[in-house]
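Residue numbering for the sequence shown follows UniProt numbering, beginning at 1 and increasing consecutively.
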Amino acid sequence: MYLRSGFLSEAYDVFNELSVHDIVSWTVLIAGYAQSGYSKEALQSFEQMQLRGFWPDATIYSSTLKACSNMNALGKGQELHTQIVKYGLLEHDVIVGTALISMYAKCGMLIDAEDVFVKLPECNVISWNALVAGYAQIADNEAALYCFQCMEDVGASPDIVTFLCLSRVCGSLGAAYNGLWLHGEIVKRWILDHNTALAGSALVDMYANCCMLEVAKNVLQKLQRDIVSWNALMAGYAHLGDFEHIVDCLKKLIEENLNPDPFTLSIVLNTCNHAGLIEEGQVVFESMFRGFCITPSFDHYIIMVDLFGRAGLLDWAGCLFEVMPFGLTLTMCHSLLGACHKWENLQLGRWAYEHAVQLDGLDAGAHISMSNIYLTVNTGG
1 MYLRSGFLSE AYDVFNELSV HDIVSWTVLI AGYAQSGYSK EALQSFEQMQ
51 LRGFWPDATI YSSTLKACSN MNALGKGQEL HTQIVKYGLL EHDVIVGTAL
101 ISMYAKCGML IDAEDVFVKL PECNVISWNA LVAGYAQIAD NEAALYCFQC
151 MEDVGASPDI VTFLCLSRVC GSLGAAYNGL WLHGEIVKRW ILDHNTALAG
201 SALVDMYANC CMLEVAKNVL QKLQRDIVSW NALMAGYAHL GDFEHIVDCL
251 KKLIEENLNP DPFTLSIVLN TCNHAGLIEE GQVVFESMFR GFCITPSFDH
301 YIIMVDLFGR AGLLDWAGCL FEVMPFGLTL TMCHSLLGAC HKWENLQLGR
351 WAYEHAVQLD GLDAGAHISM SNIYLTVNTG G
């Protein structure tokens, strides 16, 4: 409970107050850490447990492997793999085998993941999904689709997770034909009826990535829409630079009593930035404070600085630096230096350069940019 709520120290205090620590309490602690994203703490607890004389079982190994996956801790994962094989757990436990597949897949080691997969005593849909997700992650989309066909051939029944992975594959391929086939499979298997929000949003995202915006829009209209599905459609329009349709989507989702989230407004602001729509970008940015009660993030400020910089409104960009509730970063300094070079603004360029050097005195990019500004100003462009 404490870990799910983010109370890390409280969870550890409760554990320490137990009169007896047994394998069950260690299992709960390590699994809780791993599932709640406290991967470093999960690995530390795993080590402490062994130092206190407890030996891990398949469940603990599975949780610890999840922590390795989250941290891309391949070396530690390989060490656990050696132990698992040594104690014969892989031959009898498909859960720990699946955790190994997932760990190797997330670390980009698909050959090792495949090797574990073929040695499992049996393969369930979770094992197959781990492999499909691994192929999708490294953009080996043909292998992911082939893996799905193998599932079908051996009689394994794909579930919603399988189809979510495949929808990302078809979207990244821009494979309209495969996407239409996948949509048909989802409908045929009643997955859309039982997982409407998840499957529907995935289809909208897939069609949007394939630039089939009308189909994506039609799918969206048949859903019980949420902000995730609207964001997927808006991201598709943003890819085409279609600001009018993005604004139309924004109006419609507000009419449906949905609140834009930070990602929604990032989509709108990015489109304004790339299209050079200064006034529109200002209106959206100001609406975050006044209309939507959203505190702009670091990324929102970066977009606005870039928008003003591209348009030559360098004083406005400088004002944003003064009022934003974040410290300057090298990314921001480089963005401003690039704009100062373009618009030959020596004064603001020096200001950005000095801040960049304070952050990293060895930053070659800042030195080169400042030299270019001097050269441009002195030679008159």
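No residue lacks a Cβ here, since even glycine has one placed at the ideal position from N, Cα and C.
Residue i (DSSP reduced to helix, strand or coil)
i, result
"residue 224", "coil"
"residue 442", "Residue 442 lies beyond the range of the chain shown here (1 to 381); nothing can be said about it."
"residue 212", "coil"
"residue 193", "helix"
"residue 344", "coil"
"residue 244", "helix"
"residue 25", "helix"
"residue 279", "helix"
"residue 325", "coil"
"residue 123", "coil"
"residue 36", "coil"
"residue 54", "coil"
"residue 360", "coil"
"residue 293", "coil"
"residue 156", "coil"
"residue 170", "helix"
"residue 107", "coil"
"residue 138", "coil"
First and last residue of the uninterrupted alpha helix (DSSP H) at residue i
i, result
"residue 146", "141 to 153"
"residue 115", "110 to 119"
"residue 370", "364 to 379"
"residue 258", "First-last for residue 258: undefined, no H or E at that position."
"residue 175", "Careful: residue 175 lies outside any alpha helix (DSSP H) and carries neither H nor E."
"residue 312", "Where residue 312 is concerned, there is no enclosing alpha helix (DSSP H), given that its DSSP letter is neither H nor E."
Local Cβ density within 10 Å of residue i, reported as buried at 16 or more and exposed below that
i, result
"residue 142", "exposed"
"residue 240", "exposed"
"residue 3", "Note that residue 3 has pLDDT 49, beneath the 50 cutoff, so the model's placement of it is unreliable and the number below is only indicative. Answer is buried; the Cβ neighbour count reaches 16."
"residue 300", "buried"
"residue 325", "exposed"
"residue 82", "exposed"
"residue 148", "buried"
"residue 121", "exposed"
"residue 111", "exposed"
"residue 146", "exposed"
"residue 348", "buried"
"residue 298", "exposed"
Please give me, in chain order, every unbroken run of the beta strand (DSSP E) with length at least 3 that falls completely inside the segment 62 to 100.
none
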